Amino acid sequence: MKHMTEEELIAYREGVASQRAVIANHLAACEECRAELERIEAVLAALDTLPVPNPGDDYGGHVWRQIAPRLPERPARWWQAWFEPQRLGALVTVAALLVVAFLTGRITKRGPIGNDVANTEQIRERVLVVAVGEHLGRSEMMLVELSNAAPLDPAQEHVNISAEQHRAENLLDENRLYRQTALQEGNAALASVLDELERVLLDVAHSPDQVTPAQLGKIRQKIEAQGILFKVRVVGRELQERQQTTKPAPAANGSKESERNKYDRAECSV
Amino acid sequence: MNRMQPSVENAQTIAESDAVAVERTLAGDRDAFRVLVERHSRNVFRLAYRMTGNRPDAEEVVQEAFLRAYQKLGKFEARANFGTWVYRIAANYAIDRMRQRKKEEARKVEPVIYEEGTENDPVTLVQDAAPTPERLAHNIELRKQMKIALAALSHSERTAFVMRHWEGCAIEEIAAVLKSSSSAAKNAVFRAVQKLRLALQPFVVKGTQVRAMGTES
Chain A
1 MKHMTEEELI
11 AYREGVASQR
21 AVIANHLAAC
31 EECRAELERI
41 EAVLAALDTL
51 PVPNPGDDYG
61 GHVWRQIAPR
71 LPERPARWWQ
81 AWFEPQRLGA
91 LVTVAALLVV
101 AFLTGRITKR
111 GPIGNDVANT
121 EQIRERVLVV
131 AVGEHLGRSE
141 MMLVELSNAA
151 PLDPAQEHVN
161 ISAEQHRAEN
171 LLDENRLYRQ
181 TALQEGNAAL
191 ASVLDELERV
201 LLDVAHSPDQ
211 VTPAQLGKIR
221 QKIEAQGILF
231 KVRVVGRELQ
241 ERQQTTKPAP
251 AANGSKESER
261 NKYDRAECSV
Chain B
1001 MNRMQPSVEN
1011 AQTIAESDAV
1021 AVERTLAGDR
1031 DAFRVLVERH
1041 SRNVFRLAYR
1051 MTGNRPDAEE
1061 VVQEAFLRAY
1071 QKLGKFEARA
1081 NFGTWVYRIA
1091 ANYAIDRMRQ
1101 RKKEEARKVE
1111 PVIYEEGTEN
1121 DPVTLVQDAA
1131 PTPERLAHNI
1141 ELRKQMKIAL
1151 AALSHSERTA
1161 FVMRHWEGCA
1171 IEEIAAVLKS
1181 SSSAAKNAVF
1191 RAVQKLRLAL
1201 QPFVVKGTQV
1211 RAMGTES
């Protein structure tokens, strides 16, 4: 009889198992797995005895009295959020990109109407390929640097990985966006690699910024065990190759050299 | 699991009443927000305490969560659940606080002080009225080890464990807080339980033996 893995039993116990009925049936028949589940439950039951202090009967009132003087007269409406400095910056950037895209469209020579859709698809794919390729390159660089991190002085007890941690935090947001885009585009293989990368980035982002050599060793082991560096390199290379193949063909007969140059410039600015 | 969730009917009534309070707050009635604070503070405190592991940080998280909720109330979707929304804000801020606390603790280590009658009193861990010295000693040790094991989890693992095991949050909610995929959130729950088990199982087994000895004598 094939027994349940620890992961399956924990997922079952925590109510997140995808095949709940299958595990329940197996547990009904397998004494060994039942005993294993009981051992997991004993640890969780011990943790449940950790008390949470009673914050007091009037805790809600206490919180209100603390925060009330700090509240503005009226909460901001949703549209006011667009005028926060960070959002306003993003809004200006998007508007500038739209203007550039519009002008690019105006100066680029138009092909037959039927080609427009295909070109749009091609450009969209190319933008994704280029952006994900660059993201994977940056992720690879960060992971390599983390793998090679060492104390500046051998006598030092901790290694400072705050720079890598900060970069992992930034990469995490991008990674999430690209993973969702890859899923929408139906690219399951790319989404899967990005999902694995996301777990590693999460681990790095949530590590302490000063780690002992032993802790660093564990992070390295995890990176190596999942083979994520290798996968990132392979996918990165594949994307580079696709980038070459999705490059638009030279303009049709009769087009002038200057028009081809314009097209190339338009591609770079997307 | 130690979930304190209201019944379905009760939850619906609370959600409707919350929606009215949100609308009134947005219309300029600041006291309507007080209703929301008073209704949800204790739940948010429980989440914050379990995530941060100490009372001062938990109280700070609660206050900051409600301040942020008030500031962002204009972005709150009317169909959403205010309780879940403020939970998410609190969890995000608790992660920031844990990260900050880790940096501070790297500089100083404070001894644990057991205060009688408080959550730091190890006697509160013993369920029976007359604990033996062996059981008391074991419970003090187990309690210490549990705190160490929870503190050794990464922020994402602790968040995922607290939100799933103790607060009964959906995996999608956890994923939203961790800014990760659902599979990564599930994985964080699994890794947390696995690590806690590895660290605590020897002490739990020892506890069973101590209890058995107590029964025999």
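Just so you know, the sequences run in chain order A and B.
Heads up: the first sequence runs through residues 1 to 270, numbered per our numbering.
Heads up: the second sequence runs through residues 1001 to 1217, numbered per our numbering.
By construction, the Cβ of each residue, glycine as well, lies at the ideal position given by its N, Cα and C atoms.
Owing to the predicted nature of the structure, the values given are computational and were not obtained by experimental measurement.
Check: Thr1118 (chain B) by DSSP, collapsed to three states: which one?
Finding: The sequence position of residue 1118 (chain B) within the second sequence is 118, counting from 1. Confidence at Thr1118 (chain B) is low in this model, with a pLDDT of 47, below 50, so the placement of that residue is unreliable and no value is reported for it.
Margin query: At a CB distance below 7 Å, what residues from the region 1142-1161 of chain B approach chain A? Give them in sequence order.
Written below: Leu1142, Met1146, Ser1154, His1155, Ser1156
Notebook entry, point to check: Quick one: is Met1 (chain A) buried, meaning 16 or more other Cβ sit within 10 Å of its Cβ, or exposed?
Noted result: As a first step, residue 1 (chain A) must be located in the first sequence, where it is residue number 1. It counts as exposed.
Check: Just how far apart, CA to CA, sit Ala17 (chain A) and Glu41 (chain A)?
Finding: Position 17 of the first sequence, counting from 1, holds the residue named residue 17 (chain A). Position 41 of the first sequence, counting from 1, holds the residue named residue 41 (chain A). Roughly 16 Å separates the two Cα atoms.
Item checked: Neighbourhood of Asp209 (chain A) by C-beta, 7 Å cutoff - its chain only, sequence neighbours within 5 removed -> On the first sequence, residue 209 (chain A) is found 209 positions in, with the first residue counted as 1. Counting only Cβ-Cβ distances below 7 Å, and skipping sequence neighbours, we find Asn160, Ile161, Ser162, Gln165.
Next item on the list: Could you have a look at Gly1074 (chain B) and say whether DSSP puts it in helix, strand or coil?
Entry: Residue numbering aside, residue 1074 (chain B) sits at position 74 when the second sequence is read from its first letter. Of the three classes helix, strand and coil, the one that applies to Gly1074 (chain B) here is strand, per DSSP.
Check: Is Asp1018 (chain B) buried or exposed, if buried means 16 or more other CB atoms sit within 10 Å of its CB?
Finding: In the second sequence, the residue the question calls residue 1018 (chain B) occupies position 18. Classification of Asp1018 (chain B): buried, given that the 10 Å Cβ count is 16 or more.
Notebook entry, point to check: Val291 (chain A) by DSSP, collapsed to three states: which one?
Noted result: Examination of residue 291 (chain A) is not possible in this model, given that chain A is present from 1 through 270 alone.
Notebook entry, point to check: Is Leu47 (chain A) close to chain B, meaning its C-beta is less than 8 Å from at least one C-beta of that chain?
Noted result: Locating residue 47 (chain A) in the first sequence gives position 47, where the first residue counts as 1. Yes, its Cβ sits closer than 8 Å to a Cβ of chain B.
Note to self: Please report the straight-line C-alpha distance between Ile1140 (chain B) and Gly1053 (chain B), rounded to a whole angstrom.
What the structure shows: Locating residue 1140 (chain B) in the second sequence gives position 140, where the first residue counts as 1. Locating residue 1053 (chain B) in the second sequence gives position 53, where the first residue counts as 1. The alpha-carbon atoms of Ile1140 (chain B) and Gly1053 (chain B) are separated by roughly 16 Å.
Next item on the list: Return the residue from the list B:Ser1154, B:Arg1158, B:Ala1175 that minimises the CA-CA distance to Lys218 (chain A).
Entry: Translated into positions along the first sequence, residue 218 (chain A) becomes position 218. If we check each option's Cα against that of Lys218 (chain A), B:Ser1154 comes out closest.
Check: Hey, quick one: how far does the alpha helix (DSSP H) through Asn148 (chain A) stretch, first residue to last?
Finding: Stepping through the first sequence from its first residue, residue 148 (chain A) is reached at position 148. Element bounds for Asn148 (chain A): n/a, residue is neither H nor E.
Check: Which bits of chain A does Leu1196 (chain B) rub up against, with CB to CB less than 9 Å?
Finding: For the purposes of this step, residue 1196 (chain B) is taken as residue 196 along the second sequence, with counting starting at 1. Correct list: Val43, Leu44, Leu47.
Note to self: So that I know if they touch, is there some Cβ in chain A lying closer than 8 Å to that of Phe1045 (chain B)?
What the structure shows: Working through the second sequence from its first residue, we reach residue 1045 (chain B) at position 45. So yes, Phe1045 (chain B) belongs to the interface.
Next item on the list: Taking 8 Å as the cut-off, decide whether the C-beta atoms of Arg1039 (chain B) and Ala1032 (chain B) are in contact.
Entry: As a first step, residue 1039 (chain B) is located in the second sequence; it is residue number 39 there, counting from the start. As a first step, residue 1032 (chain B) is located in the second sequence; it is residue number 32 there, counting from the start. No, they are not a contact pair.
Item checked: Residues bridged to Val159 (chain A) [DSSP beta-bridge criterion] -> Working through the first sequence from its first residue, we reach residue 159 (chain A) at position 159. Beta-bridge pairing links Val159 (chain A) to A:Val211.
Check: Quick one, which of B:Val1062, B:Ala1048, B:Arg1042, B:Glu1060 has its alpha-carbon nearest Gly56 (chain A)'s?
Finding: In the first sequence, residue 56 (chain A) corresponds to position 56, counting from 1. Checking every option, the nearest Cα to that of Gly56 (chain A) belongs to B:Arg1042.
Next item on the list: Starting from Thr1132 (chain B), trace the alpha helix (DSSP H) both ways and give me its first and last residue.
Entry: Position 132 of the second sequence, counted from the first residue, corresponds to residue 1132 (chain B). Unbroken run through Thr1132 (chain B): none, as it is neither H nor E.
Next item on the list: Quick one: grab the DSSP three-state call for Ser1041 (chain B).
Entry: The count along the second sequence starts at 1 and reaches residue 1041 (chain B) at position 41. Note: Ser1041 (chain B) maps to helix in three-state DSSP.
Check: Short check: CB of Tyr178 (chain A) to CB of Leu201 (chain A), under 8 Å?
Finding: The residue labelled residue 178 (chain A) in the question sits at position 178 within the first sequence. The residue labelled residue 201 (chain A) in the question sits at position 201 within the first sequence. No; because the gap between Cβ atoms is not below 8 Å, this pair is not in contact.
Next item on the list: Report the residue from B:Lys1206, B:Leu1200, B:Arg1034, B:Ile1014 whose alpha carbon sits nearest the alpha carbon of Ala1149 (chain B).
Entry: Along the second sequence, read from residue 1 onward, the residue named residue 1149 (chain B) stands at position 149. When only C-alpha atoms are compared, the closest one is B:Leu1200.
Check: For the putative contact between Ile1089 (chain B) and Arg1068 (chain B), defined by C-beta atoms under 8 Å, what is the C-beta separation to the nearest angstrom?
Finding: Sequence index remark: in the second sequence, residue 1089 (chain B) carries index 89 (1-based). Sequence index remark: in the second sequence, residue 1068 (chain B) carries index 68 (1-based). Contact flag correct, Cβ pair sits at about 5 Å.
Item checked: Nearest neighbour of Gln1145 (chain B), chosen from B:Arg1197, B:Phe1082, B:Tyr1087, B:Phe1190 [CA to CA] -> Locating residue 1145 (chain B) in the second sequence gives position 145, counting from the first residue. Comparing Cα positions, the closest option is B:Arg1197.
Check: Using 8 Å as the limit for Cβ to Cβ distance, is Asp35 (chain A) near chain B?
Finding: Taking the first sequence and counting its residues from 1, one reaches residue 35 (chain A) at position 35. The residue asked about is misnamed: residue 35 (chain A) is Ala in this sequence, not Asp. Cβ-Cβ to chain B under 8 Å: no for Ala35 (chain A).
Margin query: Here's a check: name, in chain order, each residue in its chain whose Cβ is nearer than 6 Å to the Cβ of Ser1156 (chain B), leaving out the five neighbours to either side.
Written below: Translated into the one-based positions of the second sequence, residue 1156 (chain B) becomes position 156. For Ser1156 (chain B), where only same-chain residues beyond five positions count, the Cβ hits under 6 Å are Leu1178, Ala1188.
Next item on the list: For Pro213 (chain A), decide whether its Cβ has a neighbour in chain B, counting only Cβ atoms nearer than 8 Å.
Entry: Translated into the one-based positions of the first sequence, residue 213 (chain A) becomes position 213. Not one chain B Cβ lies under 8 Å of Pro213 (chain A).
Check: So, is Thr1159 (chain B) buried or exposed, given that buried needs 16 or more other C-beta atoms within 10 angstroms?
Finding: Working through the second sequence from its first residue, we reach residue 1159 (chain B) at position 159. Buried, because 16 or more other Cβ atoms sit within 10 Å of the Cβ of Thr1159 (chain B).
Check: Name the chain B residues whose beta carbon is nearer than 8 Å to that of Arg70 (chain A)?
Finding: Working through the first sequence from its first residue, we reach residue 70 (chain A) at position 70. Per Cβ cutoff of 8 Å: Leu1067.
Next item on the list: Starting from the C-beta of Leu1125 (chain B), find all residues in its chain whose C-beta is less than 7 Å away, skip the five residues before and the five after it, and write them out in chain order.
Entry: For the purposes of this step, residue 1125 (chain B) is taken as residue 125 along the second sequence, with counting starting at 1. Per-residue confidence for Leu1125 (chain B) stands at a pLDDT of 48, beneath the threshold of 50, marking its modelled position as unreliable; no derived number is given.
Check: Are the C-beta atoms of Val1177 (chain B) and some chain A residue less than 8 Å apart?
Finding: Along the second sequence, one-based indexing puts residue 1177 (chain B) at 177. By this cut-off, Val1177 (chain B) is not an interface position.
Check: Would a check of beta-carbon distances place Leu98 (chain A) closer than 8 Å to chain B?
Finding: The count along the first sequence starts at 1 and reaches residue 98 (chain A) at position 98. Closer than 8 Å: no.
Notebook entry, point to check: What does Gly186 (chain A) reach in chain B if we use C-beta pairs closer than 9 Å?
Noted result: Reading the first sequence from its first residue, position 186 is the one you call residue 186 (chain A). Those do not exist, as Gly186 (chain A) stays about 16 Å from chain B at its closest Cβ, beyond 9 Å.
Item checked: Contact list for Ser207 (chain A) against chain B, beta-carbon separation under 8 Å -> Translated into the one-based positions of the first sequence, residue 207 (chain A) becomes position 207. In chain order: Ser1154.
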